[in-house]
Amino acid sequence: MSLSDRPPPPSVRHGTPSVRPPTPSVPPPPSVRPPPSVEDVRRSPGHFCAEMLDNELVYRLRFSNRFVNAKSVLGMEIGYRYHGEGGGDGPGGWWILDEPELRLGHDVVVPDLAGWRMDRMPEINDELYFTQPPDWVCEVLSPHSARTNSMRKLPIYLREQVRHVWIVDPFAQTLVVFRHTGSQWLLAADNGGDPTIRAEPFEETEVNLRRAWI
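Per my numbering, the very first residue in the sequence shown carries number 3; after that it's consecutive.
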């Protein structure tokens with residue numbers, strides 16, 4: 003048999019398809035969860051307070067009676083003297099509000115107390131939320147909220163140029179005041195265990211903390 007009469011090798015025989023390696027299976031792309039919306043905040047269960055921080059929905063439980071007492075006492079101490087025209091010997095000139103909803107950029111934040119100077123916000127609107135950053139915020143800590151208030155909310159308040167933030171711990175009986183300096187927070191005051199304090203931006207008034215520390 004001549005070379006020309008020999009059949010070609012199997013891999014190159016005429017009319018025979020070449021064998022291809024199997025195509026590896028590609029897993030489907032992971033499902034992408036859409037970012038939370040304001041409606042998700044609105045739909046939060048009644049025993050939770052929902053906030054939207056850095057495109058994440060964050061829930062915090064309604065808190066213990068000690069927490070509620072501290073927040074209520076501070077709201078009365080500051081609100082009585084500074085809200086509207088002020089009461090007693092207070093100078094007034096502020097709107098002091100309890101748990102206002104703040105829509106700050108893409109974040110939805112609900113501080114325990116917040117205040118606006120009336121010369122910056124002459125009237126309170128009839129909306130369900132505020133877009134104007136407050137001048138003062140007070141956050142009362144609980145075992146569930148300490149990390150959120152300290153590590154997640156403070157950068158938002160710094161970005162939005164909130165001038166003063168109070169961090170109150172009714173369990174440790176401390177009140178710490180931070181002042182906005184443009185690029186970072188400055189520790190402006192600390193009650194150091196004292197039962198009274200004069201703290202920015204309400205330094206005209208001595209705040210009695212005894213009732214807050216039951």
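For each residue, glycine too, the CB sits at the ideal point set by N, CA and C.
DSSP bridge partner residues for residue 146 (one or two, in chain order): Residue 146 is not bridged by DSSP to any residue.
Outcome for residue 117 when other beta-carbon atoms lying within 10 angstroms are tallied against a minimum of 16: Buried is the call here.
Local Cβ density within 10 Å of residue 188, reported as buried at 16 or more and exposed below that: Looking at its Cβ environment, which holds fewer than 16 other Cβ atoms inside 10 Å, residue 188 is exposed.
Own chain, CB closer than 8 Å to residue 134, minus 5 neighbours either side, in chain order: Counting only Cβ-Cβ distances below 8 Å, and skipping sequence neighbours, we find 118, 122, 123.
DSSP state of residue 139 mapped onto helix, strand, coil: Secondary structure at residue 139: strand, using DSSP grouped into helix, strand and coil.
Integer Cβ distance of residue 103 from residue 132, believed to fall under 8 Å: Right, the Cβ-Cβ distance comes to about 7 Å (below 8 Å), so this counts as a contact.
Residue 143 burial status per 10 Å Cβ neighbour count (16 or more: buried): The residue in question, residue 143, is buried, as its Cβ has 16 or more Cβ neighbours within 10 Å.
Where residue 130 falls: helix, strand or coil (DSSP): Note: residue 130 maps to coil in three-state DSSP.
From 214, 207, 181, 211, residue whose alpha carbon lies closest to that of residue 92: That would be 207, whose Cα lies nearest to the Cα of residue 92.
Straight-line Cα distance separating residue 203 from residue 177: Taking the straight line from one Cα to the other gives about 14 Å.
Residue environment, residue 211, which counts as buried when at least 16 other CB atoms sit within 10 Å: The residue in question, residue 211, is buried, as its Cβ has 16 or more Cβ neighbours within 10 Å.
Counted within 10 angstroms of its Cβ, other Cβ atoms place residue 49 as buried (16 or more) or exposed: With a pLDDT of 48 at residue 49, under the threshold of 50, the modelled position of this residue cannot be trusted, and the question is left open.
Contact under 8 Å by Cβ, residue 94 with residue 84: Closer than 8 Å, so yes.
Helix, strand or coil at residue 49 [DSSP, three-state]: Low per-residue confidence applies at residue 49: pLDDT is 48, beneath 50, and the placement is therefore not dependable, though the value from the model is reported in the following sentence. Assignment of residue 49 by DSSP, reduced to helix, strand and coil, places it in the coil class.
Cα-Cα separation, residue 154 to residue 200: The alpha-carbon atoms of residue 154 and residue 200 are separated by roughly 27 Å.
Proximity of residue 106 and residue 162 at Cβ, strictly below 8 Å: In this structure, residue 162 lies closer than 8 Å to residue 106 by Cβ.
Range of the contiguous beta strand (DSSP E) that encloses residue 169: Its beta strand (DSSP E) spans residues 166-171.
Cβ shell of residue 190 (< 7 Å), same chain only, five flanking positions each side left out: If we look at residue 190 and ignore the five residues flanking it on each side, its Cβ neighbours are 179, 180, 181, 202.
Bridge partners - residue 191, DSSP secondary structure assignment: For residue 191, the pairing in a beta bridge is given by DSSP as 179.
Per-residue burial, residue 72 [other beta carbons within 10 Å of its own, 16 or more giving buried]: Buried.
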